[in-house]
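Chemist: Quick one: the structure is below, questions incoming.
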Amino acid sequence: MSGIMGFAIVLAALLLGAYVFRVAGQAVTKNAPTFRDMGFGVAFGYVLGAAILVWAIWYYFQPKVLETGVPNAGVVFFRWAVQGFIIAAVAAFLFRLLGRHVGTAGTRKLFRSMPLTASFGILVILIYAFVAVFAGAIAPYGQAEILGAANVVAGGDPALGGNPEYPLGTDQIGRDILSRLIFGAQNTVGIAFVTTCLAFFIGGSLGFLAATLQGWLDQLLSRGVDVLMAIPSLIFALLLMTIASVWANKLGIPLTIFMVLIIALIDSTRVYRLARAVGQSIVVMDYIEAAKLRGEGLGYLVFKEILPNAMAPLLAEFGLRFCFVFLMIAALSFLGVGIQPPLADWGTMVRDLAPFINFAAFAPTAAVAPLLAAGAIALLTVGVNFVVDWMLHKTSGLKE
Amino acid sequence: MVTLFVVSIVIFVAVNLLPGDFAEAILGQGATPESVAKIREDLGLDQGMIVRYFQWFGGMVTLDLGTSFAQLNFANSLGGAGTVTVADQIAPRLANTMFLATVTACIAVPLAVTLGILAALYRNTAFDRAANIFTLSSISSPEFFMAYVLILFLAVLNPIFPSLSNIFDGMPFSERLEKSMLPALTLTLVVTAHMMRMTRAAIINLLASPYIEMARLKGLSPMRVIVKHALPNALAPIINVIALNLAYLITGVVVVEVVFVYPGIGQLFVDSVKIRDIPVVQACCLIFAAAYILLNLTADILSILSNPRLRHPK
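What follows is the structure, encoded as structure tokens:
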């Protein structure tokens, strides 16, 4: 009850503050247009923003450890979040600055009109690609290597149960979490990338084929895709994965290969829809007619005429599709049917390490490991989404 | 309805692609051919595939979802005759999931539409940018990331809500609501972002129209212009995206239910997938697909109803 009362009091104070702010502004600036035409909502927004800022600064400088000796976990996490945000912003800014002065004229021009979020996204993607490619060289230990101590807490402080040899600690059977995170980039991102490429290959070529040939092939494929799309994708993937897991045991083929095929199949239906829609608007163009009259074959039409003209929407779709595939693989792994151990994978890591979260109130560093694995997934998809958002905004020419 | 029929065929065929069958699976490696044959006969697995499909589909129509293999096995091994049907198993779970989805929708839909209107009203301000970044981030994060962050802040650091939603029958409503609050909040975070962005985009799309210009020139306040003049015309896309997201709730619910150990249909589905309890898996799949299709259908009907030009065709 006191919570609701407190909320009401704060709200009333803010509303009053907004009113005072507007009246005071009008009086001080002698009714300048900014204050004269200011809506009450806008004034409230300013006051609310200021209040949040003041609270954040006050909270940031609270002591890390309470007088009772218990760590003040909320403050610790808040400081990490703020520091992470500032570092990300600065890194994105520096990266954009670098891009504006290094590289060809084309890339420099690109970087000049780029919002900070997009440059942050590009930076994140580059870092992930680098880590994924060179995982074997960066990681201090092997991904399945079982080391001396299990359940070492992150932070490397022996007093809190850490060990400087394992900066992010070890998991429940003693594997180094940092190494597994790094190898997870290779496994999770690599597999997601391969799957997306496969989905685009299947969906894209079938979609263009349907758009070019039309007739019964188009009808058949489109109705088939309609049916497959009527089943929610995660549910369908789970169903097929169950079946595949049995086959995988029987045939001795790794389950991961089945997973790639299944997710590629499910996602290719979405790609097919887009490729067909884009292709249909292209095949009615005059240059396609000209190519047909020249006597070009089907392969030439699809790959040399339609594909280059459909590149922009397909590229944006590739980014989005990659996010969906990546999230689906992570979700499947989290549910225990995706990428199989001993391969390191972020989804599985989250599931295995999740119980550590319950100790966060006593040792904030204990909760870091599962959140890092989940955060690694989130960071990449956020980065890709920022870039795609910017690309769509740029190509569609939306200015509002 | 035709789609649903075809989907049921797809699900059935997919399940029957399993090598071997449940009889071999429960008896394990040391199964003798006689015992396998006995169980097959008990479960009706010795009949042809098409016969079994029509038996299953016929039962589905009359809401007789068959008997869970695992429960049957369990009951037999105890020597009891009381078998639990799939319908008995699913019904309470489905009710729980519906409850969770309803709570989520009650929070998410008003929140998303309000935020979307505000973002459209104060477009290109700091509020809009912050909302844009926040929603983009929450759309792209996996559900379990959101779930664990919420657990960390609302259950572990500040014990406001319980992190496990062990709800059961006969629980008072308020307690039930409190226990399912964290899963509902997680789902809200996931779906609100998308709905809000679409609301904002749909409204902003209309702002260049002549009647909006007219309303502005009349001297109406920006809030009134948006709520009275832009919103009714933007309803169709907004309704569509709300229905799509409610359909999305159905799939998102699987992961979230597993995180919070919420006894809903998603949890049941994952469990049966793990033990290959075919009747339950089939029934769950069909229920998910049916809900998905129905919600999409509702969205189409509602967007026709919200547009007078489509309601009264010339």
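In order, the protein sequences belong to chains A and B. Numbering (this note's numbering) for the first sequence: 3 to 402. Numbering (this note's numbering) for the second sequence: 1492 to 1805. Even for Gly, the Cβ is constructed at its ideal location relative to N, Cα and C.
Please list, in chain order, the residues of the region 13-35 of chain A that have any C-beta partner in chain B closer than 7 angstroms.
Modeler: none
Chemist: Would A:L234 count as contacting chain B if we go by Cβ distances under 8 angstroms?
Modeler: For the purposes of this step, residue 234 of chain A is identified with residue 232 of the first sequence, where counting begins at 1. The residue you asked about is not Leu; residue 234 of chain A is Pro in the sequence shown. Closer than 8 angstroms to some Cβ of chain B, the Cβ of A:P234 qualifies, so yes.
Chemist: Please list the partners that B:P1770 has in chain A, where partner means a Cβ-to-Cβ separation under 9 angstroms.
Modeler: Here residue 1770 of chain B refers to the residue found at position 279 of the second sequence. Identification of chain A residues near B:P1770 by a Cβ-Cβ cut-off of 9 angstroms yields none; the smallest Cβ-Cβ distance measures about 13 angstroms.
Chemist: Once you ignore the five residues that flank B:R1707 on each side, which residues in its own chain have a CB closer than 7 angstroms to its CB?
Modeler: Taking the first residue of the second sequence as 1, we reach residue 1707 of chain B at position 216. The answer, listed in chain order, is V1716.
Chemist: Measure the alpha-carbon distance for B:A1610 versus B:R1691 and round it to whole angstroms.
Modeler: Here residue 1610 of chain B corresponds to residue number 119 of the second sequence, with the count starting at 1. Here residue 1691 of chain B corresponds to residue number 200 of the second sequence, with the count starting at 1. Using only the alpha carbons, I get a separation of about 6 angstroms.
Chemist: Is the distance from the Cβ of A:F37 to the Cβ of A:G27 below 8 angstroms?
Modeler: As a working mapping, residue 37 of chain A is identified with position 35 in the first sequence. As a working mapping, residue 27 of chain A is identified with position 25 in the first sequence. In contact: A:F37 and A:G27 (Cβ atoms closer than 8 angstroms).
Chemist: What's the gap between the Cα of A:G349 and the Cα of A:G176?
Modeler: Taking the first sequence and counting its residues from 1, the one referred to as residue 349 of chain A is at position 347. Taking the first sequence and counting its residues from 1, the one referred to as residue 176 of chain A is at position 174. Approximately 18 angstroms between the Cα atoms of the pair.
Chemist: Let me know if B:V1773 comes out buried or exposed under the rule of 16 or more other beta-carbons within 10 Å of its beta-carbon.
Modeler: Residue 1773 of chain B sits at position 282 when you count from the first residue of the second sequence. Val is not the amino acid found at residue 1773 of chain B; the sequence shown has Gln there. Buried.
Chemist: Taking buried to mean at least 16 other C-beta atoms within 10 Å of its own C-beta, is B:D1791 buried or exposed?
Modeler: In the second sequence, counting from the first residue as 1, residue 1791 of chain B sits at position 300. Counting Cβ neighbours within 10 Å, B:D1791 comes out exposed, since fewer than 16 surround it.
Chemist: List, in order along the chain, the chain A residues whose C-beta lies closer than 7 angstroms to that of B:P1633?
Modeler: Mapped onto the second sequence, residue 1633 of chain B falls at position 142. Within 7 angstroms Cβ-Cβ: L329, A332, A333, A376, I379 and A380.
Chemist: When the cut-off is 8 angstroms and only beta carbons count, does B:L1585 lie next to chain A?
Modeler: Stepping through the second sequence from its first residue, residue 1585 of chain B is reached at position 94. It does not; no Cβ of chain A falls within 8 angstroms.
Chemist: Is B:F1618 close to chain A? Criterion is C-beta to C-beta, closer than 8 angstroms.
Modeler: Within the second sequence, residue 1618 of chain B is the residue found at index 127, counting from 1. Output row for B:F1618: interface = yes.
Chemist: Could you check whether A:F361 and A:A368 sit closer than 8 angstroms to each other, using their CB atoms as the reference points?
Modeler: Numbered from its first residue, the first sequence carries residue 368 of chain A at position 366. Numbered from its first residue, the first sequence carries residue 361 of chain A at position 359. The answer is yes: Cβ separation under 8 angstroms.
Chemist: Give the list of continuous alpha helix (DSSP H) stretches no shorter than 4 residues that lie fully inside the region 1725-1784 of chain B.
Modeler: 1756-1766
Chemist: Distance cutoff 8 angstroms, beta carbons only. Does B:Y1783 sit that close to anything in chain A?
Modeler: The residue labelled residue 1783 of chain B in the question sits at position 292 within the second sequence. Cβ-Cβ to chain A under 8 angstroms: yes for B:Y1783.
Chemist: Quick check on A:T31: does DSSP put it in helix, strand or coil?
Modeler: In the first sequence, counting from the first residue as 1, residue 31 of chain A sits at position 29. Coil, per DSSP.
Chemist: If you measure from the CB of A:G301, is any heavy atom of the ligand FAD nearer than 7 angstroms?
Modeler: Looking at this structure, you won't find the ligand FAD or any other ligand, since it has none at all.
Chemist: Run down chain B in chain order and give the residues with a C-beta less than 7 angstroms from the C-beta of A:A359.
Modeler: Position 357 of the first sequence, counted from the start, is the residue given in the question as residue 359 of chain A. According to the sequence shown, residue 359 of chain A is Ile rather than Ala. Correct list: Y1639, I1642, L1643 and V1647.
Chemist: Answer yes or no: do A:R272 and A:G209 have a C-beta to C-beta separation smaller than 8 angstroms?
Modeler: Within the first sequence, residue 272 of chain A is the residue found at index 270, counting from 1. Within the first sequence, residue 209 of chain A is the residue found at index 207, counting from 1. No. Outside cutoff.
Chemist: Since A:T244 and B:V1764 should fall inside the 8 angstroms C-beta cutoff, what is the C-beta to C-beta distance between them, to a whole number of angstroms?
Modeler: To locate residue 244 of chain A, count along the first sequence from 1; it is residue 242. To locate residue 1764 of chain B, count along the second sequence from 1; it is residue 273. Right, the Cβ-Cβ distance comes to about 5 angstroms (below 8 angstroms), so this counts as a contact.
Chemist: Measuring straight from C-alpha to C-alpha, what distance separates A:T422 and A:L118?
Modeler: As displayed, chain A neither begins before 3 nor continues past 402, which places residue 422 of chain A out of reach and without an answer.
Chemist: What in chain B is Cβ-close to A:V352, meaning under 8 angstroms?
Modeler: For the purposes of this step, residue 352 of chain A is taken as residue 350 along the first sequence, with counting starting at 1. Residues of chain B passing the Cβ test: F1635, F1636 and Y1639.
Chemist: Roughly how far, in whole angstroms, is the beta-carbon of B:T1595 from the beta-carbon of B:L1785, given that I think they are within contact range, below 8 angstroms?
Modeler: By 1-based counting over the second sequence, the position of residue 1595 of chain B is 104. By 1-based counting over the second sequence, the position of residue 1785 of chain B is 294. With a Cβ gap of about 18 angstroms, B:T1595 and B:L1785 do not count as contacting.
Chemist: Mind pulling the chain A residues with CB within less than 9 angstroms of B:S1467?
Modeler: Shown here, chain B extends from 1492 to 1805; a query on residue 1467 of chain B therefore has no answer.
Chemist: Assign A:A10 to buried or exposed, taking buried as 16 or more other Cβ atoms, counted over all protein chains shown, within 10 Å of its Cβ.
Modeler: Sequence index remark: in the first sequence, residue 10 of chain A carries index 8 (1-based). So A:A10 ends up on the exposed side.
Chemist: What did DSSP end up calling A:T106 once you bin it into helix, strand or coil?
Modeler: The sequence position of residue 106 of chain A within the first sequence is 104, counting from 1. Coil, per DSSP.
Chemist: Per the DSSP calculation, A:T172 is bridged to which residue(s)?
Modeler: Mapped onto the first sequence, residue 172 of chain A falls at position 170. Its beta-bridge partners are A:D178.
Chemist: Whose Cβ in chain A lies nearer than 8 angstroms to the Cβ of B:V1501?
Modeler: As a working note, residue 1501 of chain B is residue 10 in the second sequence. In chain order: V229, L230 and I233.
Chemist: Report the residues of the region 1735-1751 of chain B with a CB closer than 9 angstroms to any CB of chain A, ordered along the chain.
Modeler: A1738, Y1739, I1741, T1742, G1743, V1745, V1746, V1749 and V1750
Chemist: Could you tell me the alpha carbon to alpha carbon distance between B:S1628 and A:A380, rounded to whole angstroms?
Modeler: By one-based count along the second sequence, residue 1628 of chain B stands at place 137. By one-based count along the first sequence, residue 380 of chain A stands at place 378. Taken atom to atom, the span from the alpha-carbon of B:S1628 to that of A:A380 is near 8 angstroms.
Chemist: Taking all protein chains shown into account, do 16 or more other C-beta atoms lie within 10 angstroms of the C-beta of A:L329, making it buried, or fewer, making it exposed?
Modeler: One-based indexing of the first sequence puts residue 329 of chain A at position 327. Buried, by the Cβ-count rule.
Chemist: Does any residue of chain B have a CB that is nearer than 8 angstroms to the CB of A:E402?
Modeler: By one-based count along the first sequence, residue 402 of chain A stands at place 400. Confidence is the limiting factor: at A:E402 the pLDDT is only 40, short of 50, which leaves the residue's position unreliable, though a coordinate-based value still follows. Yes, contact with chain B.
Chemist: Mind checking whether A:I184 and A:L170 have CB atoms under 8 angstroms apart?
Modeler: The sequence position of residue 184 of chain A within the first sequence is 182, counting from 1. The sequence position of residue 170 of chain A within the first sequence is 168, counting from 1. No, these two residues do not count as a Cβ contact at 8 angstroms.
Chemist: Hey, is the region 329-344 of chain A in contact with the region 299-314 of chain A, meaning 3+ C-beta pairs nearer than 8 angstroms?
Modeler: no
Chemist: Using 10 angstroms around the beta-carbon of B:T1605, count the other beta-carbons present and answer buried if the total reaches 16, otherwise exposed.
Modeler: Start at 1 with the first residue of the second sequence, and residue 1605 of chain B comes out as number 114. Exposed, by the Cβ-count rule.
Chemist: Should the region 200-218 of chain A be called in touch with the region 263-272 of chain A, which here means at least 3 C-beta pairs below 8 angstroms?
Modeler: yes
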